[in-house]
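Report on the structure given below.
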Amino acid sequence: MPNLRLALAQFDPSVGDIARNGDEVVRWSRRAAERGARLVAFPEMALTGYPVEDLALRTSFVEASRAALVELAGRLAAEGLGGLPVVVGYLGRAQATGSPQNCAAVLYGGEVATRFAKHFLPNYGVFDEYRYFEPGDQLPVLRVDGVDVALAICEDIWQEGGRVAAAGQAGAGLLLVVNGSPYERNKDDQRLELVRRRAAEAGCALAYLNMVGGQDELVFDGDSLVVDADGQVLARAPQFEESLLVVDLELPTASVTAAAGSRFGDGLRLVHTDLGGEPRPRPAQPAGEIAPGLTDEAEIYAALVTGTRAYVRKNGFTSVLIGLSGGIDSALVAAIAVDAIGAQNVTCVSMPSQYSSQHSKDDAAELARRTGLHFRTVSIAPMFDAYMASLGLTGLAEENLQSRLRGTLLMAISNQEGHLVLAPGNKSELAVGYSTLYGDSVGAFGPIKDVYKTLIFQLARWRNEVAVERGEVPPIPENTILKPPSAELRPDQVDSDSLPDYDLLDSILDAYVEGDQGRDAIVARGFEAAVVDRVVRLVDTAEYKRRQYPPGPKISPKGFGRDRRLPITNGWRRG
Ligand SMILES: Nc1ncnc2c1ncn2[C@@H]1O[C@H](COP(=O)(O)OP(=O)(O)OC[C@H]2O[C@@H]([n+]3cccc(C(=O)O)c3)[C@H](O)[C@@H]2O)[C@@H](O)[C@H]1O
Ligand SMILES: Nc1ncnc2c1ncn2[C@@H]1O[C@H](COP(=O)(O)OP(=O)(O)OP(=O)(O)O)[C@@H](O)[C@H]1O
Ligand SMILES: NC(=O)CC[C@H](N)C(=O)O
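Quick look at the structure:
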C-alpha cells in the first residue's frame, strides 16, 4: 500500500484579513514541507476567514479572495513550495451565474490545479448559507503519489449522501474534509462519531480538519482528527490550539477509473486531478500523534478564554475593564480575562454604594491580590446622592440607578484609558431579563453570556482546583463561591428574593431554551405549573434586553444570538 504523509494545518484565520491569512498559509505550508508532508490542507474559507456573513455579497471581497488565491499559488511556488499540493478554502463564485460560493482549491506548481464548491449548505442554528452561496456539484478527486483523495467541505459530511457516498462509489482511498465547525459542548464526541460513520460509509480513511480561534460569537475548537476506514483514530490534534497534525497513512493504490465528468449519486460530476508522483513506501518512522481530550469543564473554560482573547485582540485592543463586585459572575469573568490576555492587561474597578457589604469589597480586593490584575476603587455614593437629590427616585428606579452609574463609570474609564469593557451577565440572567439595561449590561463582549449560573459555580470551582493542582494560587476567593448571589441594590437583597433557586431556574431554562419544549411539556415533566409559567413569561418578555446585550462566546447548542431568533414585539404568551 502506498504511503501518504498528510499535514492538517489547524490554524486561526482572521475574517476579512486576506493578506494575513495568505501569509499564514505560506508559513504553515513551509512547516508542513519541512516535516516531509506530501499534501497539506487548510480549513474552510481559510483565506477569507469564516464565517464572512454579508461580506460574501460584496463583489469587491469575492474578487479580492479569488485574486489572492491565484497570487498565493504563485507565491508558494516562488518560495519553493510549488511541489507540495495545498488545499485551501476561499470565497469564490460560480462560473455560470457569478453567485458567491464557499470554495476550496488545490494549489500546485504555481497554479490553481482545481477548485470546487461546498455541495451541502447548512441553514440552521447559526448558519445562513442559503442566503449567500450557490451549491457546488463536483466530486473533486486528487491523485497524489498514487493515492486518490476525495475532497469535501464541512456540511458535506453532516448530511446523508453527497460527497461521502460519491467518494465511496468512486473508490477514493481517502476523504479529506476541511471545516469551519463552531464549538458547542460535547460536539467533539458528536463529530468523532460522525467521522467514524462517514468513513465506514465511504469505505475509506477520513481526515477531518477544523480551524481554531474565535470570530465574534463563534469559537472554533480545532480537534482535527484522522480515522481509518474502520473508524480507528490514527491522529488527533489538541483542542483550541493552533497545531500542524502530521500523519502517515497507508492507503489503497489509486483506483478511481471513472472518466472525468462521470456522474455519481446526488448528480456530482467527477473532476479528477492527477498531480503525478510515485507511490511511496511507509517511512521508517511514521508520523502521527493523538492529543489527549479535555474534560467537560476544561473544554468549556478553554472556549470562553479563546473566544474572549480572539474578540479583544482581533478588534485591536490589548486590555480590558471589568466592574468587580465580589460576586461570582464578575469574578469568573476576571479569571477568564486574566487567562486570556494576562493579569497585566486586566483592570478591575470596585464601585461600592451605600448597600455594598464589606465582604463584597474585600472579596473583590482579594481576587485582585490573588491574580495580580490592576485594581482600584471608585465609590458611586456621591454621584448617586447627586441624582437622588435632583430626581428623588424610589424602588426599582433607585436600584437601577446604581447599576447605571457603574455602567457609565466603566464606559468613561474605557474612553479615557482605552480598555475594552467586559459585561459579566450569565445566561440565566439574560434569559429572565435580570440585568439593568444600560447598567450592568454595558460592555463590548460578554464572556459568560452563554453559561448558566449553575455552570458558573462549577467552572469557578474547577478553575480553582486546576490552580491547586498546578501549585498556583486559586484565583477566585472561596467566599465569592460560597456566599448567596446578591445584586446588593437594596439592603440584604439576595437573588432568590425575586427568582427561583438557580438549580430549579436552570432546569426549566434548559427545557425551554435549549430543548425548545413548550410550557405544557415542561409542566408534564413534573415542574410546578406556576413556576414554569413565570419563567416562560420572564423569558418571553426579556427579548428586548437580549437583543441589546453584547456578543459573547457560544458554548451551547442554543446560544442567545443567532441560534435563537424570536420577535421582540411578540403577543404569543403560551410558550
Ligand atoms: N419591549 C420593550 N422594548 C424596549 N424597551 C423596553 C421594553 N419593555 C421595557 N422596556 C424598557 O426597559 C426598561 C426596563 O428595563 P430596566 O431599566 O433594565 O429595568 P427592569 O428590567 O425593570 O429592572 C432590572 C431588573 O434586573 C435586576 N437586576 C439588575 C441589576 C443586576 C442584577 C443582578 O443581580 O445581576 C439584577 C433587578 O433586580 C430588576 O429585577 C423600561 O423602563 C423601558 O424603558
Ligand atoms: N460594588 C460593585 N463594584 C463594582 N462592580 C459592581 C458592583 N456591584 C455590581 N457591579 C457590577 O455589576 C454586575 C452585576 O452585579 P450584581 O451584583 O448586580 O449581580 P450578579 O449577577 O450577582 O453579579 P456578580 O456575581 O458579579 O456580583 C457585576 O458583575 C459587576 O460587574
Ligand atoms: N461550516 C459548516 O458547514 C458547519 C456545519 C456543521 N454542521 C458543523 O457545525 O460542523
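The letter at position 247 of the sequence shown is residue 247 when you use the UniProt record's numbering, and the numbering goes up by one with no holes. Note that CB positions come from ideal geometry on N, CA and C, so glycine has one too. The model shown is predicted, which means the values in this text are computed figures rather than measured ones.
* Option nearest residue 94 by Cα separation, candidates 88, 104, 86 -> If we check each option's Cα against that of residue 94, 104 comes out closest.
* Is the segment 165 to 185 close to the segment 139 to 151, with three or more CB pairs under 8 Å? -> Taking one beta carbon from each stretch, the segment 165 to 185 and the segment 139 to 151 have 3 or more pairs nearer than 8 Å; the two touch.
* Asked: Hey, is residue 122 close to ligand 2, as in C-beta under 8 Å from one of its heavy atoms?
  -> Incorrect: residue 122 has no Cβ contact closer than 8 Å to ligand 2.
* **Burial state of residue 35, where buried means 16 or more other Cβ atoms lie within 10 Å** => By the 16-neighbour rule on beta-carbons within 10 angstroms, residue 35 is exposed.
* Asked: Relative to the C-alpha of residue 606, which residue among 134, 208, 539 is closest?
  -> As shown, the chain starts at 1 and ends at 575. That puts residue 606 outside it, with no answer to give.
* Is the beta carbon of residue 191 within less than 8 Å of some heavy atom of ligand 3? -> Yes - ligand 3 has a heavy atom lying nearer than 8 Å to the Cβ of residue 191.
* Hey, residue 288 and residue 239 are a contact pair by Cβ (cut 8 Å); roughly how many whole angstroms apart? -> So it is not a contact: roughly 18 Å between Cβ atoms.
* Kindly indicate which residue of 327, 275, 471 has the alpha-carbon position closest to the one of residue 479. => Nearest of 327, 275, 471 to residue 479, Cα basis: 327.
* Any beta strand (DSSP E) of 3 or more consecutive residues that is wholly inside the segment 287 to 325 -> When DSSP assignments are scanned along the segment 287 to 325, the uninterrupted stretches of beta strand (DSSP E) that are 3 or more residues long and fall wholly within it turn out to be 320 to 323.
* **Residue closest to residue 298, alpha-carbon to alpha-carbon, out of 516, 466, 98, 476** => It is 466 whose Cα lies nearest to the Cα of residue 298.
* Asked: Hey, is the segment 346 to 358 in contact with the segment 316 to 326, meaning 3+ C-beta pairs nearer than 8 Å?
  -> Yes: the two stretches touch, three or more of their Cβ pairs being nearer than 8 Å.
* Closer than 5 Å from C-beta to any heavy atom of ligand 2: which residues, in chain order? -> Those residues placing their Cβ nearer than 5 Å to any heavy atom of ligand 2 are, following chain order, 323, 325, 327, 328, 329, 330, 350, 351, 352, 356, 424, 440, 485, 487.
* Asked: What did DSSP end up calling residue 269 once you bin it into helix, strand or coil?
  -> Of the three classes helix, strand and coil, the one that applies to residue 269 here is strand, per DSSP.
* To do: Could you pull the start and end residues of the beta strand (DSSP E) that residue 347 belongs to?
  => 346 to 350 is the extent of the beta strand (DSSP E) around residue 347.
* Straight-line CA distance for residue 64 to residue 91? -> About 9 Å.
* **Beta-carbon proximity list for residue 583, same chain, < 8 Å, skipping 5 on both sides** => Since the first residue shown for the chain is 1 and the last is 575, residue 583 is missing from the structure and cannot be characterised.
* To do: Note the first and the last residue of the continuous beta strand (DSSP E) segment covering residue 208.
  => First-last of the beta strand (DSSP E) with residue 208: 205 to 209.
* Continuous alpha helix (DSSP H) stretch holding residue 497: start and end -> Note, residue 497: premise wrong, no alpha helix (DSSP H); not H, not E.
* **the segment 250 to 267 contacting the segment 13 to 28, beta-carbon criterion three pairs below 8 Å** => Output reads no: the segment 13 to 28 does not touch the segment 250 to 267.
* By the 10 Å Cβ neighbour count, where 16 or more other Cβ atoms means buried, how is residue 528 classified, buried or exposed? -> When all chains shown are included, residue 528 counts as exposed.
* For residue 473, which of helix, strand or coil comes out of DSSP? -> Residue 473: coil per DSSP, three-state reduction.
* Asked: Can residue 476 be considered in contact with ligand 3, in the sense that its beta carbon sits closer than 8 Å to one or more heavy atoms?
  -> Not under cutoff, so the answer is no.
* **residue 434 CB to nearest heavy atom of ligand 1 below 8 Å** => At a threshold of 8 Å, residue 434 counts as near ligand 1, since its beta carbon sits closer than that to one of the ligand's heavy atoms.
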